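Engineer: One structure, pasted below without further comment.
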Amino acid sequence: MSQKPLFVATHPRACSTAFERVFMTRRETLQTVHEPFGDAYYFGPERLHPRYENDPEARKASGHSDTTFKDVFDAIAKAGAEGKRPFIKDMAQYWIPPNNQPAQIAPSLASYKRGVGTDTPYPFNTQGEEGNPTVVPKDLLAKFQFAFLIRHPKYSVPSYYRCTIPPLDKLTGFYNFRPDEAGYSELRRLFDYLRSVGQVGPNLAGETHGQAATDGEASGVPITLIDADDLLDNPSGIIEAFCKGTGVKYEPDMLKWGDEKHQTYAKEVFAKWPGFHEDALDSDELRARTHKKEPKSDEQLFAEWTEKYGEEGAKVIRDTVAANVADYEYLKQFAIKLPVAN
C-alpha cells in the first residue's frame with residue numbers, strides 16, 4: 001500500500017474536522033497538516049478567491065499575505081521529513097479557481113518564476129494543463145494519495161451559512177455567505193480528474209472489481225470516499241474500511257481523544273481557523289448516533305431554516321443546496337458501502 005502523503009479532499013462543513021481528529025490520535029506514525037491551502041487560496045499573492053480581495057488589512061493580519069502554493073507544499077514536505085506520513089485534510093476548492101474559471105498553474109509551481117513575489121491574484125500569467133482543473137501540476141498531484149469525504153448539502157450548507165453570520169462571523173472572519181464556497185463542483189471535478197488519469201480507481205475501497213474505467217493506467221489505489229452520515233451512523237466500521245483503503249493501521253482506540261495531550265494538540269492545530277471547529281474541539285470521541293437521521297421534506301427543512309435564519313437566509317440556503325445536490329449524488333455513488341449484517 002502507498003505511503004505517499006495522504007490527502008483527504010472534502011468541502012466545507014462535512015464533519016471533516018471530527019473525522020480528522022480520529023487520525024490525530026496516531027501521532028507516532030501520522031503528521032497532521034490541517035487545512036493548509038486556504039492560506040494561499042484566500043490571502044496570498046496567488047489567491048484564487050475574491051473574499052478578501054478588497055481587504056488588504058485582513059490579508060496582512062492573517063499572516064499569510066506572502067504565502068504561495070509552493071510554500072504550502074514545501075511545508076507539507078517538511079512535515080514528512082521525520083519519517084511520519086503526512087495526513088492532510090483540506091478543501092478541494094482551494095486548488096481550483098471558483099465559478100468555473102479555467103485553471104492555470106500557480107506561478108510558484110510552474111517551471112519558471114515569472115510573477116512570483118508580486119501581488120497578482122488569479123488569473124495568472126501561466127498556462128493550464130489539459131484536463132487538469134487545478135492550479136497544481138499533474139506531476140505534483142501524483143506525489144499524493146487521495147481520499148474523499150462528502151456530506152449532503154442540506155446539512156453542510158446551512159452549517160456553513162451559520163458560520164458567516166452573527167455571532168460566529170466575528171470569530172471566523174467570514175462576514176457574508178458566498179454560494180461559490182459550497183465546494184461540491186470543485187470536489188467532483190478533482191475526483192473525476194484523478195480517476196481519468198488513473199491516480200485513483202477504478203476499484204472502490206472494499207471491492208476487487210471496479211465499475212468505472214479510467215482514461216489512464218489504473219494506480220492500484222482504490223477509490224476511498226466516505227459520506228459523513230455513514231460515518232456518524234457507524235464510526236468504527238467506516239473508519240476501519242477507510243484505513244484499509246488508505247494504508248493506515250486501524251486501531252479501535254483511534255475513535256477516542258479525551259485525554260489532555262490529545263485535547264491540547266487539537267487546540268494548537270485548529271487555532272488557525274477559529275469559529276469553524278468548536279464542536280470538534282469540544283468532543284472527546286467519535287460516537288455512533290443512537291438513531292439515524294429521520295428524513296425531512298423540503299418544506300420541513302425550509303421552515304427550519306426560516307426560523308433560524310429568516311426567510312431571505314432560508315431562500316439562499318435552499319437555492320445553494322439545490323445547486324449542489326447533483327454533484328453530491330454523483331459522488332455518493334462511489335462511497336464506501338459496508339456489508340449488511342445478517
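Per UniProt numbering, the sequence shown starts with residue 1, numbered consecutively. Think of the CB as a built atom: it goes at the ideal place given N, C-alpha and C, for glycine as much as any other residue. Only a predicted model underlies this, so the values are computations on that prediction, with no experimental measurement involved.
Secondary structure at I336, three-state DSSP: helix, strand or coil?
Structural biologist: coil
Engineer: Mind checking E130: buried by the 16 CB within 10 Å criterion, or exposed?
Structural biologist: Residue burial is scored here from C-beta neighbours: E130 has fewer than 16 other C-beta atoms within 10 angstroms and is therefore classed as exposed.
Engineer: Check each candidate in R287, A314, K292 and name the one with the smallest Cα separation from E299.
Structural biologist: The shortest CA-to-CA distance from E299 to any of R287, A314, K292 is the one to A314.
Engineer: Distance, Cα to Cα, L171 vs T10?
Structural biologist: 22 angstroms
Engineer: Along the chain, where does the alpha helix (DSSP H) containing T172 start, and where does it finish?
Structural biologist: 169 to 172
Engineer: Since F87 is in the beta strand (DSSP E), which residue starts that stretch and which ends it?
Structural biologist: 85 to 91
Engineer: F23 by DSSP, collapsed to three states: which one?
Structural biologist: In the structure shown, F23 sits in a helix (DSSP, three-state: H, G or I).
Engineer: Which same chain residues end up closer than 7 angstroms to A241 when comparing Cβ atoms and leaving out the 5 residues on each side of it in sequence?
Structural biologist: A205, G206, I336, L338
Engineer: From residue 343 to D327, what does the alpha carbon distance come to, in whole angstroms?
Structural biologist: The structure shown does not extend to residue 343, since the chain is modelled only from 1 through 342, so no value can be given for it.
Engineer: Would you mind sorting Y52 into buried or exposed? The rule is 16 or more other CB atoms within 10 Å of its CB.
Structural biologist: Buried is the call here.
Engineer: Leaving out five residues before and five after E285 in sequence, what residues of the same chain have Cβ atoms less than 6 angstroms from its Cβ?
Structural biologist: Within its own chain, the residues whose Cβ lies closer than 6 angstroms to the Cβ of E285, once the five positions on either side in sequence are excluded, are L255, K256, listed in chain order.
Engineer: Who are the near neighbours of Q3 in its chain, counting only those whose CB is closer than 7 angstroms to its CB and skipping five residues on each side?
Structural biologist: R85, G247
Engineer: Would you kindly work out how many angstroms separate the C-alpha atoms of T164 and L48, rounded to a whole number?
Structural biologist: 19 angstroms
Engineer: Considering only C-alpha positions, which residue in the set L30, L190, V157 is nearest to A182?
Structural biologist: V157
Engineer: With a threshold of 16 other CB atoms inside 10 Å of the CB of K60, please say whether the residue is buried or exposed.
Structural biologist: Counting other Cβ atoms within 10 Å of its Cβ, K60 stays below 16 and is therefore classed as exposed.
Engineer: Would you call S236 buried or exposed, if buried means 16 or more other Cβ atoms sit within 10 Å of its Cβ?
Structural biologist: exposed
Engineer: Under the three-state reduction of DSSP, which class applies to Q145: helix, strand or coil?
Structural biologist: DSSP places Q145 in strand when its eight states are reduced to three.
Engineer: Indicate the three-state DSSP secondary structure (helix, strand or coil) for A9 in the structure shown.
Structural biologist: A9 falls in the strand class under three-state DSSP.
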